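Step one of this worksheet: look at the structure below.
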Amino acid sequence: MKKILLLTIFSALIISCSKSDRGELIGSKTQKFFPSQPLGMVLIPSGSFLMGMADDDYVKLENAPVSTVSIKAFYMDETEITNGEYKQFVNWVKDSVVRDALAKRAIFELGDAPSQEDLDKDNSINTYYPVYVVEEDVPDEEKGGYTLYKEDVTFGIDYEDKSTYALNYDNEILWEREDYPDLAYAQVMEGEFEEGTGFFLPKEESFNGERTFDTKKIEYTYTSFDAEAAIKSDSDSRKNFFKEKTIEIYPDTTAWIKDFSYSYNEPMHNDYFWHDAYAEYPVVGISWEQAKAFAHWRTMYKNNYQRTRKKNGQRVASFRLPSEAEWEYAARGGLESATYPWGGPYTIDSKGCFLANFKPNRGDYASDNALYTVEAESYWPNDYGLYNMAGNVSEWTDSSYDKGAYNFDMGLNPNVSDSTNLRKVTRGGSWKDIAYFLRVSARDYEYKDEKRSYIGFRTVQDYLGEDIGTNDNPNKIF
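The number in my numbering is simply the position in the sequence shown, starting from 1, with 1 added.
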């Protein structure tokens with residue numbers, strides 16, 4: 002009898018321990034989320050402001066009439082994206098496209114079911130074989146469930162379908178010709194019989210015969226989802242609204258010459274993007290599409306890191322271009338009716354020093370001590386801690402340009418996004434602009450595929466939740 006009683010008590014304890022909610026509604030167990038401020042970004046708090054030319058008394062304000070709008074909290078880059086930061090993107094994509102070509106050649110050489118002996122062969126292209134392989138030498142009972150699934154569904158690797166394999170990053174890429182391990186590797190890097198198959202420019206196209214990587218091969222491919230079109234459509238298939246884009250991402254360094262006729266700007270064309278002297282300067286020669294590609298890569302790059310973390314490894318909100326309203330709200334720095342980001346109506350301080358990098362007078366680019374761009378973290382930041390929201394380089398926004406855009410906004414996170422409109426809003430003015438374009442309310446535009454020596458960008462990221470601070474709740478009774 003005692004044994005039965007002890008067994009009953011023990012069973013009750015097990016049951017009670019396995020159901021700690023005691024039958025109450027406690028919600029699904031989740032990780033505690035702690036907002037993490039991205040490196041190099043500042044938090045722009047939620048708020049409302051007068052958007053438009055509130056600082057001017059114009060009879061007709063067709064382009065930027067005044068209206069009150071509300072903006073949700075978000076993070077914003079404290080500076081424009083620099084050459085050094087964009088170069089990280091370029092180098093990552095460059096590495097990936099070369100690895101992909103090496104992987105495809107390894108598949109061609111070894112087939113979709115290589116032996117482990119072939120994969121372990123040193124000094125050959127085999128070491129770049131993709132990660133997902135059909136492991137014939139390993140018994141099925143020793144393979145994981147997903148490995149068996151991949152083998153069953155894909156029947157190995159298809160080098161024309163990237164979804165069937167993942168690139169192998171275990172080995173460094175060998176860039177120097179004397180380090181090439183075998184003939185197949187050399188053929189991938191230098192090209193075979195067909196023109197344009199390698200990654201380096203032909204000798205006759207290289208400056209002074211220097212070996213030069215073909216920057217047109219640095220392409221970034223990504224897929225976006227058109228949520229707005231999906232909502233308006235009757236189709237139930239998500240795949241109809243996926244848009245795959247392949248973008249050449251290397252900056253157009255010739256913009257320094259094309260933008261200014263009869264002007265000696267060759268040094269900027271030759272050195273601005275790649276030389277270490279300009280690493281902290283804003284990247285230019287970037288189209289709207291390239292800026293969007295960078296934001297997508299930045300999101301992917303961070304989330305790939307998050308997957309490796311055991312604690313607080315949740316996916317981050319997407320990086321993106323700011324809307325026109327977000328940009329103006331951030332530029333104002335919490336100041337109402339301010340002409341410029343620093344608040345005052347003047348472009349010089351009490352000591353006669355310029356407060357931004359722009360063109361003060363006709364033909365006079367150097368009065369502010371800068372002929373072209375300056376380092377991204379120059380001059381004083383505004384009250385939100387953002388640098389160069391006026392001058393230096395104009396900045397792409399996500400919004401499409403329409404003169405009447407302000408007349409049909411809803412007042413809540415407004416953004417006019419029209420995929421058929423090739424004109425995109427740029428804000429902030431640049432080193433080659435007069436003071437008018439530095440005003441926080443001044444609107445301008447450029448066609449999305451244009452690449453200019455005076456247009457750069459910065460990114461934003463949504464703040465998840467509401468930034469209400471840590472004030473005590475007055476409704477608490479304990």
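We treat Cβ as the ideally placed atom computed from N, Cα and C, and that holds for glycine. These figures come from a predicted structure and were not determined experimentally.
Give a yes or no on contact between the segment 321–333 and the segment 421–435, applying the rule of three or more CB pairs nearer than 8 Å. Segments in contact, yes.
Have a look at P203 and A436 and give me their C-alpha separation to the nearest angstrom. Counted from its first residue, the sequence shown places residue 203 at position 202. Counted from its first residue, the sequence shown places residue 436 at position 435. About 46 Å.
Whole angstroms are fine: how far does the CA of P140 sit from the CA of K293? On the sequence shown, position 292 is the one that residue 293 refers to. On the sequence shown, position 139 is the one that residue 140 refers to. Approximately 45 Å, taken between the alpha carbons.
What three-state label does DSSP hand Y76 in the structure shown? As a working mapping, residue 76 is identified with position 75 in the sequence shown. Of the three classes helix, strand and coil, the one that applies to Y76 here is strand, per DSSP.
Give a yes or no on contact between the segment 227–236 and the segment 285–305, applying the rule of three or more CB pairs nearer than 8 Å. Cβ pair count under 8 Å is below three, so no.
What is the DSSP secondary structure of R100, reduced to helix, strand or coil? Here residue 100 corresponds to residue number 99 of the sequence shown, with the count starting at 1. Looking at R100 - three-state DSSP - the assignment turns out to be helix.
Would you tell me roughly how many angstroms separate the C-alpha atoms of S98 and G345, rounded to the nearest one? Residue 98 sits at position 97 when you count from the first residue of the sequence shown. Residue 345 sits at position 344 when you count from the first residue of the sequence shown. For clarity, residue 98 is Val in the given sequence; the question names Ser instead. Cα to Cα, V98 sits roughly 49 Å from G345.
Neighbour-count burial assignment, S225, 16 or more Cβ in a 10 Å radius: Position 224 of the sequence shown, counted from the start, is the residue given in the question as residue 225. With fewer than 16 other Cβ atoms inside 10 Å of its own Cβ, S225 counts as exposed.
Flag this pair as touching only if the segment 405–425 and the segment 108–126 have three or more C-beta atom pairs under 8 Å; answer yes or no. Between the segment 405–425 and the segment 108–126 there are fewer than three inter-stretch CB-CB distances shorter than 8 Å, so the stretches are not counted as touching.
Report the residue from D260, K246, R316, A280 whose alpha carbon sits nearest the alpha carbon of E290. As a position in the sequence shown, residue 290 is number 289, starting the count at 1. Taking only the C-alpha atoms, the option nearest E290 is K246.
What is the residue span of the beta strand (DSSP E) that I287 lies within? Numbered from its first residue, the sequence shown carries residue 287 at position 286. Segment: none, I287 is in no beta strand (DSSP E) and carries neither H nor E.
Going by DSSP, name the residue or residues bridged to D445. The residue you call residue 445 lines up with position 444 of the sequence shown. T427, per the DSSP bridge assignment.
State the start and end residues of the unbroken alpha helix (DSSP H) segment that holds Y129. In the sequence shown, residue 129 corresponds to position 128, counting from 1. Secondary structure note for Y129: it is in no alpha helix (DSSP H), with a DSSP letter that is neither H nor E.
Beta-carbon proximity of E329 to M52, cut-off 8 Å: Looking up residue 329 in the sequence shown gives position 328. Looking up residue 52 in the sequence shown gives position 51. Cβ distance < 8 Å, so E329 and M52 count as in contact.
I'd like the list of long-range same chain contacts for L465, defined as Cβ closer than 8 Å, with 5 residues on each side in sequence excluded. In the sequence shown, residue 465 corresponds to position 464, counting from 1. Answer for L465: F34, P36, A318, listed in chain order.
Taking the C-alpha atoms as reference points, what is the distance between I456 and N362? The residue labelled residue 456 in the question sits at position 455 within the sequence shown. The residue labelled residue 362 in the question sits at position 361 within the sequence shown. Going by the C-alpha atoms only, they are around 20 Å apart.
Indicate whether S454 and D277 have their beta-carbon atoms separated by less than 8 Å. For the purposes of this step, residue 454 is identified with residue 453 of the sequence shown, where counting begins at 1. For the purposes of this step, residue 277 is identified with residue 276 of the sequence shown, where counting begins at 1. It is not a contact, given that the beta carbons lie outside the stated cut-off.
Pick from E143, G192, A331, G210: whose alpha carbon is nearest that of S49? Position 48 of the sequence shown, counted from the start, is the residue given in the question as residue 49. Here the closest residue by C-alpha is A331.
If I219 sits next to I250, beta carbons under 8 Å apart, how far is it from one beta carbon to the other, in whole angstroms? Within the sequence shown, the letter at position 218 stands for residue 219. Within the sequence shown, the letter at position 249 stands for residue 250. Their Cβ separation, rounded to whole angstroms, is 6 Å, which keeps I219 and I250 in contact under 8 Å.
Who are the near neighbours of I349 in its chain, counting only those whose CB is closer than 6 Å to its CB and skipping five residues on each side? Mapped onto the sequence shown, residue 349 falls at position 348. These residues qualify, in order along the chain: F355.
Under the assumption that E191 contacts V394 (Cβ atoms under 8 Å), give the Cβ distance between them as a whole number of angstroms. Numbered from 1 along the sequence shown, position 190 holds the residue referred to as residue 191. Numbered from 1 along the sequence shown, position 393 holds the residue referred to as residue 394. Actually they do not touch by this definition, with Cβ atoms about 37 Å apart.
Thinking C-alpha only, which one of R444, S379, Y385 is nearest K404? Position 403 of the sequence shown, counted from the start, is the residue given in the question as residue 404. For K404, the nearest C-alpha among the options comes from R444.
Please state whether DSSP places R459 in a helix, a strand or coil. Within the sequence shown, residue 459 is the residue found at index 458, counting from 1. R459: coil per DSSP, three-state reduction.
Mapping the DSSP letters down to three states, classify G314 as helix, strand or coil. Stepping through the sequence shown from its first residue, residue 314 is reached at position 313. G314 falls in the coil class under three-state DSSP.
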